[in-house]
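Report on one structure; see the data block that follows.
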Amino acid sequence: MSISGFLVVNKPPGYTSHQVVAAARKILAQRQIGHTGTLDPMATGVLVLAIGAATKLISFLDEGKKIYRARLVLGLTTDTQDLSGQVISAKTETQITGAKLADALTYFTGEQEQTPPMYSAIKVKGEPLYKLARAGKEIDRAKRKITIY
Numbered sequence: 259m260s261i262s263g264f265l266v267v268n269k270p271p272g273y274t275s276h277q278v279v280a281a282a283r284k285i286l287a288q289r290q291i292g293h294t295g296t297l298d299p300m301a302t303g304v305l306v307l308a309i310g311a312a313t314k315l316i317s318f319l320d321e322g323k324k325i326y327r328a329r330l331v332l333g334l335t336t337d338t339q340d341l342s343g344q345v346i347s348a349k350t351e352t353q354i355t356g357a358k359l360a361d362a363l364t365y366f367t368g369e370q371e372q373t374p375p376m377y378s379a380i381k382v383k384g385e386p387l388y389k390l391a392r393a394g395k396e397i398d399r400a401k402r403k404i405t406i407y
């Protein structure tokens, strides 16, 4: 029996988006499954899977706004720019207040260009950047337009 539609998955940390799709293919016994956008392996959150004929709609769903929620650890620097890496430096004392943080965040609001970090699920020539970074390679990355609301 062939099924068609969307499945909303709360992706846990430690799994790639491809691993989630592979698991869904096995569980649903359905070959034609795709997703509407890659999440980094460490990220948790909504991963929308398109099944069967619904895969033809993926390009339309990926055009909308995305909302990300994050927790920050201030004063910590790692070699991967996330919590999975080795700590390079740690500052235990900070002069940051809620008001100073809110003021600093206004600087980032709006449209801007961003160079993706090497430890990212963004693919270059079919290879996720984080795999290249783990292999000790760093490549030039094109800046991308982003909007922060």
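Quick note: the sequence shown uses our numbering, first residue 259, plus one each step.
C-beta: ideal position from N, C-alpha, C; glycine also.
- [ ] Compare the Cα-Cα distances from Lys315 to each of Gly295, Leu332, Thr373 and report the closest residue.
- [x] Per the sequence shown, residue 315 should be read as Leu rather than Lys. Leu315 has its Cα closest to that of Gly295, out of Gly295, Leu332, Thr373.
Task: Cβ-based burial, Ser262 [other Cβ within 10 Å; buried from 16] - done: Its Cβ having fewer than 16 others within 10 Å, Ser262 is exposed.
Task: Cβ-based neighbour list, Thr335, same chain, cut-off 6 Å, excluding 5 preceding and 5 following - done: Excluding sequence neighbours, Thr335 sits near Ile346, Ser347.
Open item on the list: Thr373 and Arg399 - do their beta-carbons sit closer together than 8 Å?
Closed with: For Arg399 and Thr373, yes; Cβs fall inside 8 Å.
TODO: Between the Cα of Tyr273 and those of Val266, Gly303, Gln370, Ile285, spot the shortest distance and give me the residue it belongs to.
DONE: If we check each option's Cα against that of Tyr273, Gly303 comes out closest.
Task: Closest by C-alpha distance to Ala312, when choosing among Gly292, Ile380, Val278, Ala280 - done: When each option's Cα is compared against that of Ala312, the closest is Gly292.
Task: Reduced DSSP secondary structure (H/G/I, E/B, other) of Val278 - done: Looking at Val278 - three-state DSSP - the assignment turns out to be helix.
Task: Nearest to Ile309 (by Cα), restricted to the options Leu363, Ala379, Ala281, Ala301 - done: Ranking the options by Cα distance to Ile309, first place goes to Ala281.
Task: C-beta atoms of Asp305 and Val267 nearer than 8 Å - done: First, the amino acid is wrong: residue 305 is Leu here, not Asp. Less than 8 Å separates the beta-carbon of Leu305 from that of Val267.
Open item on the list: How far does the alpha helix (DSSP H) with Thr352 in it extend, from its first residue to its last?
Closed with: Going by DSSP, Thr352 is part of no alpha helix (DSSP H) at all; its letter is neither H nor E.
Open item on the list: One question on the structure: do Glu351 and Met376 come within less than 8 Å of each other, judged by their Cβ atoms?
Closed with: Annotated as distal: Glu351 and Met376, with beta-carbon spacing of 8 Å or more.
Task: Closest Cα partner of Thr367 within the set Lys383, Tyr407, Val382 - done: Comparing Cα-Cα distances from Thr367 to each of Lys383, Tyr407, Val382, the minimum goes to Tyr407.
- [ ] Report the three-state DSSP secondary structure of Ser347 (helix, strand or coil).
- [x] Note: Ser347 maps to strand in three-state DSSP.
TODO: Within the segment 356–397, note down every full alpha helix (DSSP H) run reaching 4 residues or more, in order along the chain.
DONE: Restricted to the segment 356–397, the alpha helix (DSSP H) segments that are unbroken, complete and at least 4 residues in length are 356–366, 387–392, listed in chain order.
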